[in-house]
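Enquirer: I'd like to ask you about the structure that follows.
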Amino acid sequence: MKKSEIISLLNKDLSGEIEAILIYMRDSFVTGDCKPSREMEEIAKDEMRHAEKLAELIVDFGGIPAMEHRPLNFGGMDVKEYLKRLVALEKGAIAMYKEHIAIIPDKNIKKTLTHILHEEEEHLEEFSKLLKGQKG
Ligand SMILES: [Fe+2]
Ligand SMILES: [Fe+2]
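For the sequence shown, position 8 (counting from the first letter as 1) is numbered 1033 according to the numbering used here, and the numbering increases by one without interruption.
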């Protein structure tokens, strides 16, 4: 696999992290309920650490962090709908990290992505738990 291909995959991961940071931050601002709001904020900080690690890997490989993201989709209009969207985002991140861990040959990158993957699995669990706790 060429360096440029690895950089492009890492930039895709970075885009996902930036999308997550922005959506989780906004959701934490508009969620009045204290527990989910705090959790969204805390997990946004985890995603920021992931973005930092990915950006470092990209630069180490001679690339430039693209800092791009897809148009933001916040899901619906209430906390339950936000949480459904957050669960979907974590599931998407998990699938992408698994795919990239499988195809990127570099051991150091695999290790970093695996560490991130495990945190995404914890996020999924946390958001799923909060979603189950919502009425209606
Ligand atoms: Fe992340
Ligand atoms: Fe996450």
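No residue lacks a Cβ here, since even glycine has one placed at the ideal position from N, Cα and C.
1) Just mark S1040 as buried or exposed, buried being the case when its beta carbon has 16 or more other beta carbons within 10 Å.
2) Flag this pair as touching only if the region 1077-1096 and the region 1110-1121 have three or more C-beta atom pairs under 8 angstroms; answer yes or no.
3) Any chance the CB of E1115 is under 7 angstroms from a heavy atom of ligand 2?
4) When you measure from the CB of D1140 to every non-hydrogen atom of ligand 2, does any distance come out below 7 angstroms?
5) Below 7 angstroms, is the gap between the Cβ of A1080 and the nearest heavy atom of ligand 1?
6) For ligand 2, is there any heavy atom lying closer than 7 angstroms to the beta carbon of H1175?
7) What do you reckon, is the C-beta of I1068 under 7 angstroms from a heavy atom of ligand 2?
8) For E1106, I'd like the list of residues in its chain whose CB is within less than 6 angstroms of its CB, leaving aside the five on either flank, ordered along the chain.
9) Locate the alpha helix (DSSP H) running through E1030, then write down its first and last residues.
10) What are the start and end residues of each continuous alpha helix (DSSP H) run of 4 or more residues lying completely inside the region 1088-1134, in chain order?
11) Counting Cβ pairs closer than 8 angstroms, one from the region 1030-1037 and one from the region 1114-1134, do we hit at least three?
12) From which residue to which residue does the alpha helix (DSSP H) around K1060 run?
13) Would you tell me roughly how many angstroms separate the C-alpha atoms of D1103 and E1150, rounded to the nearest one?
Expert: So, from the listed chains and residues:
1) What you label residue 1040 is simply residue 15 of the sequence shown in a count that begins at 1. That one is buried.
2) Counting Cβ pairs under 8 angstroms, fewer than three are found: no touch.
3) On the sequence shown, position 90 is the one that residue 1115 refers to. Correct: E1115 has its Cβ closer than 7 angstroms to ligand 2.
4) By 1-based counting over the sequence shown, the position of residue 1140 is 115. With the sequence shown as reference, residue 1140 is identified as His, and Asp is not the correct amino acid for it. In this structure, H1140 has its CB at a distance of at least 7 angstroms from all heavy atoms of ligand 2.
5) Within the sequence shown, the letter at position 55 stands for residue 1080. In this structure, A1080 has its CB at a distance of at least 7 angstroms from all heavy atoms of ligand 1.
6) The question about residue 1175 has no answer here: the residues shown for the chain are numbered 1026 through 1161.
7) Here the question's residue 1068 lines up with position 43 in the sequence shown. Answer for I1068: yes, Cβ within range of ligand 2.
8) Working through the sequence shown from its first residue, we reach residue 1106 at position 81. These residues qualify, in order along the chain: G1100.
9) Along the sequence shown, read from residue 1 onward, the residue named residue 1030 stands at position 5. For E1030, the enclosing alpha helix (DSSP H) stretches over residues 1028-1055.
10) Complete alpha helix (DSSP H) runs here, min 4: 1104-1128.
11) Verdict: yes, contact present.
12) Stepping through the sequence shown from its first residue, residue 1060 is reached at position 35. From DSSP, the alpha helix (DSSP H) with K1060 extends over 1059-1085.
13) Within the sequence shown, numbered from 1, the residue matching residue 1103 stands at position 78. Within the sequence shown, numbered from 1, the residue matching residue 1150 stands at position 125. Pairing D1103 with E1150, the inter-Cα distance amounts to about 20 angstroms.
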